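K.L.:
In the working numbering, the protein residues as written are 547 to 616.
(1) Starting from residue 607, trace the alpha helix (DSSP H) both ways and give me its first and last residue.
(2) Residue 570 lies in the alpha helix (DSSP H); which residues open and close that run?
(3) Let me know the secondary structure DSSP gives residue 587 once reduced to three states.
(4) What's the call for residue 579, buried or exposed, on a 16-neighbour Cβ count within 10 Å?
(5) What three-state label does DSSP hand residue 579 in the structure shown?
See below:
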């Protein structure tokens, strides 16, 4: 997730939304896509971030409906 920014025609920020969409089209579940964008990247870098659990700081958006294209 997010490793292609910097290539010609790939913008930082907006390219993430297209990448999320393509990952679901490739067969990943929405949960797998979210993990790839948070916990998995942190784990790959050896960081203890990107997880929701007691004692961790987090910015969380909770929705009562799924309105995403995923």
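Here a beta-carbon is modelled for each residue, glycine too, at the ideal position from N, C-alpha and C. These figures come from a predicted structure and were not determined experimentally.
P.N.:
This is what the structure gives:
(1) No alpha helix (DSSP H) contains residue 607, which DSSP labels as neither H nor E.
(2) 560 to 571
(3) helix
(4) buried
(5) helix
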